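Chains as they are written, first to last, in our numbering: chain D, 1 to 344; chain H, 1001 to 1344.
We put the CB at the ideal spot given by N, CA and C, even for glycine.
All values derive from a computational prediction rather than experimental measurement.
See structure below.
Protein chains: 2
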Amino acid sequence: MFDERDREVLCAIVQSYINNPDPVGSRFITRKYAFSLSSASIRNIMSDLEEMGFLRQPHTSAGRVPTDKGYRFYVDYLCSHEQQYDNRAFFNEITRELESIKNDIDVLLSETTKRLSNFSHYLGVALSPKSGSATFNRITLLKHRRNHVVTVLFTDEGLVRNKVVDVDFDLTQRDLNRIASYLNSEFYGYNLNDIRTKIVREMSEEKILCDTLISRAIRICREVLSSPSGNIFISGFSEVLGLPDFSDVEKIKEISRAMEDKHLIIKLLDKFSESAKDEVQVIIGSENSLAGMKGFSIVAATYKEGSRPVGSVGVIGPTRMDYSKTIAMVDIVSKFITKVIEGK
Amino acid sequence: MFDERDREVLCAIVQSYINNPDPVGSRFITRKYAFSLSSASIRNIMSDLEEMGFLRQPHTSAGRVPTDKGYRFYVDYLCSHEQQYDNRAFFNEITRELESIKNDIDVLLSETTKRLSNFSHYLGVALSPKSGSATFNRITLLKHRRNHVVTVLFTDEGLVRNKVVDVDFDLTQRDLNRIASYLNSEFYGYNLNDIRTKIVREMSEEKILCDTLISRAIRICREVLSSPSGNIFISGFSEVLGLPDFSDVEKIKEISRAMEDKHLIIKLLDKFSESAKDEVQVIIGSENSLAGMKGFSIVAATYKEGSRPVGSVGVIGPTRMDYSKTIAMVDIVSKFITKVIEGK
DNA sequence: ATTAGCACTCTCCTGTTGAGAGTGCTAATT
DNA sequence: AATTAGCACTCTCAACAGGAGAGTGCTAAT
């Protein structure tokens, strides 16, 4: 009911449509892909494939177009992930130009998404490491004007975060040192999420409320940890505008709305980093469940710190996407970032 | 040759066109603006205005449309800058929601541009303070893993900047303290630009080369100052897409290209902050000289630190822009940011 | 100086038509 | 039994023509 020949036809149709967004007809297939079959036979096969839900017709007497289910089958069973020439060039550029940026993860991610979108012609996206699971190493407090404290937080993973915190009391540098060393002894080795919940729990305890030093320390620490966790990077909008899929204003509005709603994309990418699979993952069109992302696919992977995935990176593009090329690229990028983070 | 009546007609045409992007005809003017003249007379006046270069016709037998020169005259002499209801709402939202963000200038600017674009329906843009003219107050160096130093730079203006610097030598925290105190004594009170040039000059001097402490100090300091200076914030792309001016794909591509070329916009805004005028400034369409910004106008102003302008904020939109409203908004915003920076 | 009247121009919408591409079905062929 | 040739049918798209609508410029009258 679904033999080798059917697969070949489906594959040909998907590939042809990816190359060029015109519905593909039976005659075109016979000519271009040199099947030893007539167009009439292809028509029969296509009709079967349509009934099985892999293809659909935009209208009677147009050719066929893959459905999301069709793409899914293509990605899972048909497309080869072999590296192409393009990808080698991509790999070279990435490693050559970006390897030196290792101190500022945000710059690294932003530059990487830029290259990713340049080479793929889709939207490059990345989520910066979730600091929640990072491990507290130490904190330094520096006096800055009256009522302002500069905090510098170090994690075991090498993350450094600073923030200016308002305090409603005037403190000397000596006070700050005492507060810092309290925090350091108290929280060393915990991960930041645990510290956050620990603080909430302890806030109400009496011993905290009585001791001004401790209560001040806790308050400062809470401020530091309240910072937004995941930064998102998106780039390549003008790349996407060049695609024929976006020759229509409505389509453009759609994707730009999706882009501005960074919240949703963050959630989406978060899912990737939670499901700690090792491979590149693909979400196609309506599999996505998110309204406003109907016509788009996402190819993403996580990058890791040690063996723990801490963030994700990927590509958003139309469902009519060059999956094999894109998957290979995302694979390269995620591994590259992992490598850089771990300091080689 | 250009009397009161001509002005009134020009004003009516510009306003009508701003409301609604249809070429405006003579009959429409007489009906809508209740001139005590017939459409024929209006036609004569319009013909004169066209000859003077304030109006043009998209094609014979369409109505008239303002030229850049027409907008310029409107902005300089005709439009009233009175506050409208909208602006008060805008002012309230800005002050209520953003006054508390004063420690992180970048967050402040990014949030402000968001509101600005929301209310204006154009692109909100802002340039973060040029740190070059800020005054060195002190620097703190903290050890971070081997070969990495976290630097925290304080300026008199309250700016705090941190950066992780690679060093090719291993140092104890005590060494770092000595280096920091050398830098502090050496550079206290200078502005960052001067320090940068000073470093370049001194790098070659012998005494520097001999003394390892000093040479290391200088090297670290150079790294710190090499950071990118002006950050740019742009927001509101999806706002802009809703405007009838961008119902055409080509137009959308144009503005998105202009947006991606952040370099150019930075240059442009830089000009604003240099020409230290106190008012909101307007650049209309081709006055801009920048290719790729032909159909766009820029309304911008500087925000200040003391009396010195340090950055700029504004709006980019189609030449067919509601100038009086936008100018009022940019005025509010620039004054608001100035106020917040100076800590009220 | 102003205006009514009119011929003219240009856009935009609508309907028509014909070419082209592709399908599904049936009957013939292998 | 699978494949294919042939054909009628459907749908899109581009080109074209006509007509309504809006606006102008000019001239002659007020």
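When secondary structure is reduced to three states using DSSP, D/S312 falls in the strand class. If you look at H/S1297, you'll find it isn't in any alpha helix (DSSP H); it sits in the beta strand (DSSP E) that goes F1296 to E1305. With respect to H/I1094, H/P1129 sits apart: the two C-beta atoms are not nearer than 8 angstroms. By the criterion of a C-beta distance shorter than 8 angstroms, H/Y1077 is surrounded in its chain by R1007, once the five residues flanking it on both sides are discounted. Annotation: Cβ neighbours of D/D166 in chain H (cutoff 7 angstroms, chain order): N1103. For D/R161, the beta-bridge partners assigned by DSSP are D/L153.
A Cβ-Cβ distance of about 6 angstroms is found for the pair H/V1224 and H/L1153, placing them in contact under the 8 angstroms criterion.
Within the region 185-261 of chain D, complete beta strand (DSSP E) segments of at least 3 residues are found at 232-235, given in chain order. Chain order gives no chain H residues near D/S16, where near means a beta carbon separation below 9 angstroms; the closest approach is about 25 angstroms. Flagged as an interface residue toward chain D: H/I1252, by a C-beta distance shorter than 8 angstroms. D/K32 and D/V65 have their C-alpha atoms roughly 16 angstroms apart. Taking C-beta atoms as the reference points, D/G189 and D/T151 fail to come closer than 8 angstroms. Using a C-beta cut-off of 8 angstroms, the region 228-247 of chain D makes contact with the region 111-131 of chain D, since at least three inter-stretch Cβ pairs fall below that distance.
Contact between H/I1337 and H/V1313 holds, since their C-beta atoms are separated by about 6 angstroms, short of 8 angstroms. Closer than 8 angstroms at the C-beta level to chain H, one finds these residues of the region 131-156 of chain D: T140, L142, H144, R145, H148, V150, V152 and F154. Interface with chain D (8 angstroms Cβ-Cβ cutoff): H/V1249 is included.
Your pair D/F296 and D/I255 checks out as a contact, with CB atoms roughly 7 angstroms apart and the cut at 8 angstroms. A direct Cα-to-Cα measurement between H/D1068 and D/T30 gives close to 57 angstroms. Around D/Y74, the same chain offers V14 as residues with beta carbons nearer than 6 angstroms, after the five sequence neighbours per side are excluded. From the listed residues H/V1299, H/S1247 and H/L1243, the smallest Cα separation to H/L1268 is found for H/V1299. If you ignore the 5 residues before and after H/H1144, its C-beta comes within less than 6 angstroms of the C-beta of V1150, all in its own chain and listed in chain order. Across the region 226-243 of chain D, CB contacts with chain H closer than 7 angstroms involve F237, S238 and L241, in sequence order along the chain. In this structure, the alpha-carbon of D/S26 lies about 12 angstroms from that of D/A34. Residue-level contact by beta carbon fails for D/S185 and chain H, as no gap is shorter than 8 angstroms. Rounded to the nearest angstrom, the Cβ distance from H/I1332 to H/F1091 is 5 angstroms, consistent with a contact under 8 angstroms. A direct Cα-Cα distance of roughly 17 angstroms separates D/S181 from D/D156. Note: D/V65 is bridge-paired with D/R56 in the DSSP secondary-structure output. DSSP assignment within the region 99-135 of chain D yields the following whole beta strand (DSSP E) runs of 3 residues or more, N-terminal first: 123-127. Here H/D1022 carries a coil assignment [DSSP, helix/strand/coil].
Counting C-beta atoms within 10 angstroms of its own C-beta, H/N1087 has 16 or more neighbours from the protein chains shown and is therefore classed as buried.
Against chain H, the beta carbon of D/G158 has neighbours under 7 angstroms at R1145, listed in chain order. The beta carbons of H/P1021 and H/D1245 sit closer together than 8 angstroms. Interface residue (Cβ-Cβ distance to chain H less than 8 angstroms): D/N92 is not classified as such. The continuous beta strand (DSSP E) containing H/V1282 extends over residues Q1281 to I1283. In the structure shown, H/N1137 adopts extended strand secondary structure according to DSSP, grouped into three states. Using a Cβ-Cβ cut-off of 8 angstroms, D/R257 counts as an interface residue toward chain H, since at least one Cβ of chain H sits closer than that to its own.
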